[in-house]
Structures are given as C-alpha cells and as structure tokens.
Amino acid sequence: MKIFNLKIAMIVLALSLSTVQAKDIALPEIGDSAGALISPQQEYQIGLGFYLRLQQSIDLIDDPEINSYIQSLGNRLVTHSDSPQLPFLFFMVPNPSVNAFAAPGGFIGMHSGLILTSKSEDEVASVLAHEIAHVTQRHLLRSFEKSKQRSIPMTVAMIAAALLGAADPNAGAAALMAVQAGGVQSQLDFTRSNEAEADNLGMQNLVRSGFDAMAMPTFFERLQQSSRFYDTGAVPEFLRTHPVTTSRIAEARGRAVTYPLKRQVSDSLQFYLIREKLRVLAASDANKLVRYYESAIKTGGSLNETATQYGYSLALVEAGQFTKARQVIQALIDNDVDRLSYRLALAKIEIAVGRLSTGLAIYEQAQKIYPDDQALTLNQVDALLLANLPKQAADLLLTQLELGQYSRRLYKLLAQAKGEMGEKSESHSWLAEYYYHSGRLNLAAEQLRIAAELARGDEFQLAKISARLREVETTIDKVEKL
Ligand SMILES: [Zn+2]
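My numbering puts the first residue of the sequence shown at 4, with every later residue one more than the last.
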C-alpha cells in the first residue's frame, strides 16, 4: 500500500511538473496578481491531475442520481459566481467524515458525511459556494506563492500533494514526502483573509442563487459545536482546512442578517431524497437500516417525512423485502406522480423481482417527461442490457455523449453494449475511455492497442483509434518521464 501511495505521489509530482514549462522563475509576492505565471490551462491541468490521481486511491460515488444532483446544485451556484464560464466538476466521496475541498480549475469534492450532517440544501449550498469562491479567487495558488524563491513546478507539486492530503490523508502523506525535500508547506493553508473572502463572496453567490444566507453561519456553528465532542485527532477535516472560529461565525451571522429573508423557492425535497439515498448507500447492515427507518417513522420528527419513507423503501430493497418496498414507493408516487426518483426506485423493484418488461415500460414512460436525463438513461441502459437489447442501449448512450454528458459509468456501459453487438473494436475503445476517466492511463492505452488490432481493414476507425492512442501516450509520457 505504501509503495502504491508513493507511486501516486511521484505521478502527482511528475504530472504537475510536466504542466509547467518554465523551470526556475521566481514567483510574484502576495499582493501581485495571483497566479500570473500559472495560466488557466495549467490551473485546469493541476485540477485534472489531482482528480485523476484521487480516483486511483478512492472509489468516488458512482450513483448517477446522486452525481446529477450534486452537479446541478453546483451549477446553479457557478452560474451566479464570478466565473460562470468555468466548467466546474462536482463529485462525491463516500466517507462519513465532514469534508469538502476544491482544486484549481474547478474540481470540487464533497464527502457524503457533509450532506448527512447538514440539515438543509441551503447549508450544503453554502459550503459549495464557499469552495467555488476559493477557486474563482485562486486562493490555493496564492497561498502557495508566499515564497519568492520557490519554483513554479515545486509550487504546483505542493498544491497537488496538499490537495490529496485534504481529500485522502493516506495518499496525501505519501505525496508530501515526495515534495518535502523542498522545505515545504505541508497542508492546505487558507489564510484568515482567504476564508473571510470566501465566506463573503460565497454568501453573495448563495443569495444570488436563491438560497438562505443564514445557512452559512448556521452550518459553521453546528460544525464547531460538534467538534467540541471530538478528540483533537477527530476534528472534521473541513474544520482543519477551513478553521471556523467564533469570530468568523459572528461575522458570517452579521453579514447574513443584512440580506433580506429568503423566500422558500428551492425544491429541497430532492435534497432530502438524495440525503436518504446516501444514508442507504453508506449502510452495511440492511436489516439494521430497515429498523432505523421503522423507528424514525414511528417516533416522527425527522427532517422530512416523505424522504424518510423514500429511504425506508430503498432500505427494504436492500433487505430483499420487495413487496413491502413497492407498497411504500407506490404510496409516494400516488402523491407525486412525476417525481423521477420514485419512478427509478419502482422500476428497480420490478426488475429485482423479475418483471423486466414492467421495469422497462416505467423507464420509457419517464423518458417522455425527462428526455435524456442522465440518471434515467443509465438506469434504463442497465435494464436494456439485461433484456439483451444492446443496440437500443448504445443509441441512448451515444445520445448522452452528443449532449456532452459523460461519466465513467456511461463509458463502461457503452463498452458493454458495443461488445454485445459484436463491435469488438468499438467496445475496447470505449473501455479505454472508461479507464482513462478513472485515472488508469496505462490500462487505457492497452485497450486502445487491442482496439486498433481489431480495427484492421477499417481505415477510418483505425485512424481515430491511433489518434486517441497518441494522445493517451503523450499524457503517460508526461507523467512518467520526470
Ligand atoms: Zn475555506
């Protein structure tokens, strides 16, 4: 494991170094325009490098419904930020601790524990808005530019290492060893003024996006209170990288009261549903989970009773109690016919009990209301493949790509569909994309070589594969030469 992590560290270091041409240019002092020497393209590469490395040590949450939710919540805030044109990527880490982090270029990760700890969508939005502000203000780049003597490559390597440390302490520790020779800042270190600026801009953004300004101090306060019960070693990661002091909470509260009271406009039911889905995903004992929901329903007083019923239905599915699960979800549908989450849950139950065509009919019906929704499409594709209808599955997936919506899971399903259609070369080249977007570059290259071998005689396909293989090899080269 240690060797594996160290290897990640070296790759991080190498990838980072390769993104910068100038080797020994002194960096500007603080106060100069931050990152003047690090271009937006390089910034994006730091973030992408971090994101790909992160996936080598952590299995990110792969549930299309959860991913769609967090991405659209993030997008809503980005639209109202200082950099609405930046293509931010929001993703979730399955981890019970409270944490969020942002890499340059707009890669923002959040632990599932943060959503389970929060009590409203506005609270989660306040954390995302804060992280978005760190990115748009390039705080990370500034904080690592304090030393005039430090070279850009070292700065970039340190940022990547510290980010990994915030996201995954094991990987981060090894990554830091690799850069520590330079006498190095060892963690993400936002200054007090960075934090104040991120709070301030974040709150403005929050309000512009239709959320409650007060959610920010409320959430900080809850974190601070809960941290009193932790040992020093178990303080939420988020508080370590973003220290929350009493005066900071007071400042945020003072600022929040200057905004007009928020009218309830957001559809936060979806937030509560996703929150329960995360709870079910995180649980290891399905029967215990069923008992948890039964007790929550009996005692009442949960944050959202509809969401509790939804979670109960999902838990029943996990416990194999399909008949009861169907009753619970059907009751929810009767009150809210068009809600996609319910339809997806019902279709899964039908398929689990062997009624595949009923499940497929539910998806087809839902496509009329939510055409080309990614979560819907990926679930539908799973079922189409089960039903041995790979061509229909592939068509739906290719439409997603045309719409610019891709995900690792989509590439993997496309590889499977093409394989079942007998298009072997296509299948391997889509599998290559799956590996590439999972940060496994060598496996991606291997699949492309197999795809090229299988494409012999098809000049067009061969040219396409060769071009992509050259791109992947160039990236691998950058990573491994240094
Ligand atoms: Zn912060």
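For each residue, glycine too, the CB sits at the ideal point set by N, CA and C.
Quick check: does the Cβ of residue i come within less than 7 Å of any heavy atom belonging to ligand 1?
i	result
residue 133	yes
residue 245	yes
residue 114	no
residue 201	yes
residue 193	yes
residue 224	no
residue 198	yes
residue 137	yes
How would you call residue i, buried or exposed, if buried means at least 16 neighbouring beta carbons within 10 angstroms?
i	result
residue 420	buried
residue 466	exposed
residue 125	buried
residue 253	exposed
residue 436	buried
residue 394	exposed
residue 211	exposed
residue 383	buried
residue 475	buried
residue 430	buried
residue 67	buried
residue 470	exposed
residue 301	exposed
residue 308	exposed
residue 367	exposed
residue 29	With a pLDDT of 32 at residue 29, under the threshold of 50, the modelled position of this residue cannot be trusted; read the value that follows with caution. When all chains shown are included, residue 29 counts as exposed.
residue 184	The pLDDT assigned to residue 184 is 43, lower than 50, so where the model puts this residue is not dependable, and the model offers no usable value.
residue 403	buried
residue 136	buried
When DSSP labels each residue in this structure, what does residue i get in the three-state scheme?
i	result
residue 352	helix
residue 64	coil
residue 111	strand
residue 106	strand
residue 216	coil
residue 32	Confidence at residue 32 is low in this model, with a pLDDT of 33, below 50, so its placement is unreliable and the value that follows should be read with caution. It is coil, neither helix nor strand.
residue 83	coil
residue 41	coil
residue 393	helix
residue 426	coil
residue 407	coil
residue 334	helix
residue 373	coil
residue 222	helix
residue 475	helix
residue 125	helix
residue 53	helix
residue 322	coil
residue 469	helix
residue 77	helix
residue 419	helix
residue 262	coil
residue 458	coil
residue 194	coil
residue 431	helix
residue 305	coil
residue 442	coil
residue 205	helix
residue 286	coil
residue 142	helix
residue 298	helix
residue 131	helix
residue 362	helix
residue 463	helix
residue 343	helix
Would residue i count as contacting chain B if we go by Cβ distances under 8 Å?
i	result
residue 134	Absent from the structure: chain B. Only one protein chain is present.
Strictly by DSSP, which residues pair up with residue i?
i	result
residue 96	114
Heavy atom of ligand 3 less than 7 Å from the Cβ of residue i, yes or no?
i	result
residue 433	Within the structure as shown, ligand 3 is missing, the only ligands being ligand 1.
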